[in-house]
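These notes concern the structure reproduced below.
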Amino acid sequence: MDRTKIIQYGDDIGKVAYIKRIQNKSVRISINGKGEVKVTLPYSVRFSVAEAFLAEKMEWVIAQRAKALGRKVLTEGNVSPEEQKKKTEEVRRLAHKILPERAHAVYELMTRKIIVRNSLGLRVKDPFRYNRLAIKNNASNWGSCSSLRNINLNMHLVELPPELMDFVIAHELCHLVYRNHGPKFHKMLDAVVDGKEKFFNARLRAFRPK
Ligand SMILES: [Zn+2]
1 MDRTKIIQYG DDIGKVAYIK RIQNKSVRIS INGKGEVKVT LPYSVRFSVA EAFLAEKMEW
61 VIAQRAKALG RKVLTEGNVS PEEQKKKTEE VRRLAHKILP ERAHAVYELM TRKIIVRNSL
121 GLRVKDPFRY NRLAIKNNAS NWGSCSSLRN INLNMHLVEL PPELMDFVIA HELCHLVYRN
181 HGPKFHKMLD AVVDGKEKFF NARLRAFRPK
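Given below as structure tokens:
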């Protein structure tokens with residue numbers, strides 16, 4: 001029987017060691033001073049249960065780890081207005097370089113992976129095609145999608161772990177097919193990310209758009 005399972009998450013969580021121990025009575029998460037995350041569990045508990053437990057506590061884990069590493073969850077703090085302005089310009093430049101490429105890559109992946117059918121059961125051609133991609137310095141959301149098939153993305157997405165950036169893009173591209181957050185929308189997005197929608201949403205909640 002496996003005693004240890006290592007999972008490599010993104011930069012926000014790092015490598016997590018799941019360790020089964022006879023003396024453990026419950027699932028516990030610990031984070032040491034180096035920001036290493038360890039989950040200990042009793043022998044009787046399946047690893048998948050411990051992984052789900054970690055996903056539930058994700059917000060706390062990311063915040064604790066950032067603290068241990070002396071990082072801010074999103075870099076900000078006591079910087080001068082000039083420094084802040086410079087930082088904002090850097091992020092904007094990076095966003096204009098990276099986000100159009102990522103959006104196109106996510107579009108291509110979804111086009112290959114997801115078949116969309118209309119109410120008559122006919123295959124919809126190019127369901128994830130978008131028109132204009134705009135990059136905004138937005139405090140209220142990570143992204144949005146208009147009825148004209150235009151996508152807006154928050155430039156601060158480039159400060160997130162790459163898989164979360166792609167996840168937000170996939171969320172917006174799913175809105176090109178379903179405008180609301182109904183069950184069909186979630187089913188589609190979950191299929192794009194191989195059943196990890198809940199997990200990614202939990203991680204995303206640890207970050208705030210600013
Ligand atoms: Zn949405």
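Per this note's numbering, the very first residue in the sequence shown carries number 1; after that it's consecutive. Glycine included, each C-beta is placed from N, C-alpha and C at the ideal position.
Residues near residue i by beta carbon distance below 7 Å, same chain, minus five either side
i, result
"residue 41", "18, 20, 24, 27 and 50"
"residue 43", "20 and 22"
"residue 148", "131"
"residue 141", "154 and 209"
Own chain residues within Cβ distance below 8 Å of residue i, not counting five before or after
i, result
"residue 186", "197"
"residue 129", "107, 149 and 176"
"residue 57", "29"
"residue 191", "113 and 114"
"residue 31", "37, 38, 61, 64, 65 and 68"
Check: residue i C-beta below 7 Å from any heavy atom of ligand 1
i, result
"residue 175", "yes"
"residue 186", "no"
"residue 181", "yes"
"residue 156", "no"
"residue 96", "no"
"residue 104", "no"
Nonlocal neighbours in the same chain, by C-beta distance under 6 Å from residue i, ignoring five residues either side
i, result
"residue 120", "none"
For residue i, the three-state DSSP class (helix, strand or coil)
i, result
"residue 114", "coil"
"residue 258", "Residue 258 lies beyond the stretch modelled for the chain, which goes from 1 to 210, so this question has no answer here."
"residue 153", "strand"
"residue 30", "strand"
"residue 105", "helix"
"residue 158", "helix"
"residue 124", "coil"
Alpha carbon of residue i to alpha carbon of residue j, nearest angstrom
i, j, result
"residue 81", "residue 90", "14 Å"
"residue 75", "residue 118", "With a pLDDT of 48 at residue 75, under the threshold of 50, the predicted position of this residue should be treated as unreliable, and no value is reported."
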